[in-house]
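Trainee:
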Amino acid sequence: MSNASAKKKRKLEETVDTPPTRVDDKTLVLISDSKKPKSDRVTKLKSKFGLLKKKPSDFDPEKVSCWEKRERVPFMFLSLAFDLIAAESGRIVITHILCNMLRTVIATTPDDLLPTVYLAANEIAPAHEGIKLGMGKGSYIIKAISEAFGRTESHVEQQYTQLGDLGLVANGSRSSQTMIFMPKPLTVVKVADTLRLIAKESGKGSKDKKKDLMKALLVATTDCEPLYLTRLLQDNLRLGFSRQTVLAALGQAAVYNEEHSKPPPNIKNPLDEAATIVKEVFSMLPVYDIIVGALLTSGVWNLPKTCNLTLGVPVRPMLAKATTRVDLILEKFKDTVFTAEYKYDGERAQIYYMEDGTVEIFSRHAERNTGKYPDVALVLSRLKKPTVKSFILDCEVVTFNREKEKILPLQKLHDSFEEDLGYFQFATALTSNDIGELQEFLKASIDIGCEGLMIKSLYSNATYEPAKY
DNA sequence: GGTGTCTGCCC
DNA sequence: ATTCTGC
DNA sequence: GCAGAATGGGCAGACACC
Numbered sequence: 001m002s003n004a005s006a007k008k009k010r011k012l013e014e015t016v017d018t019p020p021t022r023v024d025d026k027t028l029v030l031i032s033d034s035k036k037p038k039s040d041r042v043t044k045l046k047s048k049f050g051l052l053k054k055k056p057s058d059f060d061p062e063k064v065s066c067w068e069k070r071e072r073v074p075f076m077f078l079s080l081a082f083d084l085i086a087a088e089s090g091r092i093v094i095t096h097i098l099c100n101m102l103r104t105v106i107a108t109t110p111d112d113l114l115p116t117v118y119l120a121a122n123e124i125a126p127a128h129e130g131i132k133l134g135m136g137k138g139s140y141i142i143k144a145i146s147e148a149f150g151r152t153e154s155h156v157e158q159q160y161t162q163l164g165d166l167g168l169v170a171n172g173s174r175s176s177q178t179m180i181f182m183p184k185p186l187t188v189v190k191v192a193d194t195l196r197l198i199a200k201e202s203g204k205g206s207k208d209k210k211k212d213l214m215k216a217l218l219v220a221t222t223d224c225e226p227l228y229l230t231r232l233l234q235d236n237l238r239l240g241f242s243r244q245t246v247l248a249a250l251g252q253a254a255v256y257n258e259e260h261s262k263p264p265p266n267i268k269n270p271l272d273e274a275a276t277i278v279k280e281v282f283s284m285l286p287v288y289d290i291i292v293g294a295l296l297t298s299g300v301w302n303l304p305k306t307c308n309l310t311l312g313v314p315v316r317p318m319l320a321k322a323t324t325r326v327d328l329i330l331e332k333f334k335d336t337v338f339t340a341e342y343k344y345d346g347e348r349a350q351i352y353y354m355e356d357g358t359v360e361i362f363s364r365h366a367e368r369n370t371g372k373y374p375d376v377a378l379v380l381s382r383l384k385k386p387t388v389k390s391f392i393l394d395c396e397v398v399t400f401n402r403e404k405e406k407i408l409p410l411q412k413l414h415d416s417f418e419e420d421l422g423y424f425q426f427a428t429a430l431t432s433n434d435i436g437e438l439q440e441f442l443k444a445s446i447d448i449g450c451e452g453l454m455i456k457s458l459y460s461n462a463t464y465e466p467a468k469y
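So this is what it looks like as structure tokens:
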């Protein structure tokens, strides 16, 4: 994170406004409103939000919020929190800010916790639902910005090249413009909902509709909102934190707002523990909707009871670590039995077979690939032994020339499936700690077009650990 | 309807 | 996927 | 060692545009 210094610099640039450029004749030219009084609300919020930076133990949500209980959380509040984070580079402080921000939302308008979490993580829907904004980071957003703020596209583009951040361009464009009437303040839900609307738009003319929805949001922004809205639209918050940090902050926030249960007595550090729980739970069931819901109704400490591996919702697949030397493997696994499998050169596939016979296939990043491999789905239903009612497979899909190539043996430990050469096979594996054998095995894997070996411990620590991302 | 660009996803 | 950075 | 950010090659599907 080359952030600390770069960020500070950006902050400076940010205050250098773009000169009020002449605009194409169809657009109203507006006068700077920087002298005009801001709404009371905003001033009040701005005078208080620095409190978010306090250590969570010294923080009081009641002192920051300046909206009524159950009232929709202003997008300004989130933006100000982002602004505070922008000046920080250490993740501990960033987590505190996020934690306090989330606590404030829980304390005032718990219904808004879910959209707030989504925006903070810069996501719009569970990964496996495949709901994407679908307009990249450039051209269409540039269009929206130029239309919303009355600039020419080429002007925006030029500023973009100069500043290297469309968010700053948006901020600059906005601040030298004034509104005929104050727009209705944006709320967190409004932004989150609109992002979904943008994502849902598809087909002919959809790009324009997406652009218009963005424009409508941009037009309603003030202060630092254009910056963060733009970055949210670009799917690139650039604040030095990401999902893991949000999850940790969510867990910590829940500890402070815990009404449901006290931390179990044997827990040393409830904050760390809660953060870990939320992160782990998310890796098993990556759906904020369920986790946030469970968190609010029954608390963090009960999360693991309600949020579990769910058929049809892809877990984050366990990842491998790369190494280039076989001897290092022996060193690492010296006290345990391990196996080496060919590392097939294909695509990761996580396959769910539900009790009703339906099949879902997901990619490494939880994209729904069910329709991509119809043959795989069919073949598994066929080769599954009748006693097996449901299953989850984590495997590699490869293309296979059935005429020329043939892949060999099968191991015995799997007795839930029949193998079928060229359709469904278990990885070629060797269980050995003989360096010579391993070297040879590695070479053999490369010879048939694999990428190397996968090493897996078989006894100690031999669990499936979802990836932490 | 064909072509070209954009976008996102795989590794 | 890899590579780099800060913590 | 971990989390986050930035980067690259290849490719396919979606959409815009002529």
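Heads up: the first sequence begins at 1 in full-length UniProt numbering, then just goes up one per residue.
Every residue, glycine too, gets a C-beta built ideally from N, C-alpha and C.
1) Roughly how many angstroms lie between the CA atoms of glycine 205 and leucine 133, to the nearest whole one?
2) Is DSSP giving glutamate 437 helix, strand or coil here?
3) I'd like the list of long-range same chain contacts for valine 246, defined as Cβ closer than 7 Å, with 5 residues on each side in sequence excluded.
4) Tell me, please, which residues DSSP counts as bridged to tyrosine 464.
5) So, using beta-carbon positions, are glycine 452 and lysine 343 closer together than 8 Å?
6) Can you grab the Cα-Cα spacing for the pair arginine 348 / valine 313, in whole Å?
7) Ignoring anything shorter than 4 residues or poking outside the stretch 116-189, list the alpha helix (DSSP H) runs there in chain order.
8) For threonine 109, name the three-state secondary structure that DSSP assigns.
9) Pairing CB atoms from the stretch 102-111 with CB atoms from the stretch 51-68, are three or more of them under 8 Å?
10) Going by Cα to Cα distance, which pick from Ile435, Ala377, Thr463 is closest to phenylalanine 424?
11) According to DSSP, simplified to helix, strand and coil, what is isoleucine 267?
12) State the DSSP-derived secondary structure class of serine 457, mapped to helix, strand or coil.
13) Candidates Val219, Glu88, Gly138: which alpha carbon is nearest glycine 150's?
14) Looking at the secondary structure, which residues open and close the alpha helix (DSSP H) in which alanine 294 lies?
15) If distances are taken between C-alpha atoms only, which option among Asn433, Val191, Leu442, Asn269 comes closest to phenylalanine 333?
16) With burial defined as no fewer than 16 other Cβ atoms inside 10 Å of the residue's Cβ, what is the status of arginine 70: buried or exposed?
17) From what residue to what residue does the beta strand (DSSP E) around leucine 393 run?
18) By Cβ distance below 6 Å, which residues in the same chain neighbour leucine 430 in space, the five residues on each side in sequence not counted?
19) DSSP three-state label for tyrosine 228, please.
20) Starting from alanine 244, trace the alpha helix (DSSP H) in both directions and tell me its first and last residue.
21) Quick one, are the C-beta atoms of leucine 271 and valine 255 less than 8 Å apart?
22) For glutamine 350, list the residues DSSP reports as bridge partners.
23) In the DSSP assignment, find the alpha helix (DSSP H) that holds threonine 336 and state where it starts and stops.
24) Would you report the Cα separation of isoleucine 361 and aspartate 447, rounded to the nearest angstrom?
25) Work out the CA separation of aspartate 212 and glycine 293 for me, nearest whole Å.
26) Whole angstroms are fine: how far does the CA of leucine 233 sit from the CA of leucine 195?
27) Using CA atoms only, rank isn't needed, just tell me which of Ala366, Pro466, Ile351 is closest to lysine 384.
28) Return the chain-ordered list of same chain residues with a C-beta closer than 7 Å to the C-beta of lysine 46, the five sequence neighbours on each side being excluded.
29) Any chance the stretch 290-305 sits against the stretch 390-399, with 3 or more Cβ pairs inside 8 Å?
Mentor: Based on what the coordinates show:
1) 15 Å
2) helix
3) Leu98, Val117, Ala120, Ala121
4) In DSSP, tyrosine 464 forms no bridge with anything.
5) Taking 8 Å as the cut-off, the beta carbon of glycine 452 is found closer than this to the beta carbon of lysine 343.
6) 16 Å
7) 139-148, 153-163, 166-175
8) coil
9) yes
10) The shortest Cα separation from phenylalanine 424 among Ile435, Ala377, Thr463 belongs to Ala377.
11) coil
12) Strand, per DSSP.
13) Val219
14) Run containing alanine 294: 288-298, per the alpha helix (DSSP H) assignment.
15) Asn433
16) The residue in question, arginine 70, is exposed, as its Cβ has fewer than 16 Cβ neighbours within 10 Å.
17) 391-397
18) Ala340, Phe441
19) helix
20) Looking at the sequence itself, residue 244 is glutamine, so the reference to alanine does not match. Counting along the chain, the alpha helix (DSSP H) containing glutamine 244 begins and ends at 243-256.
21) yes
22) Phe362, Asp394
23) No alpha helix (DSSP H) holds threonine 336; DSSP gives it neither H nor E.
24) 29 Å
25) 32 Å
26) 8 Å
27) Ile351
28) Leu80
29) no
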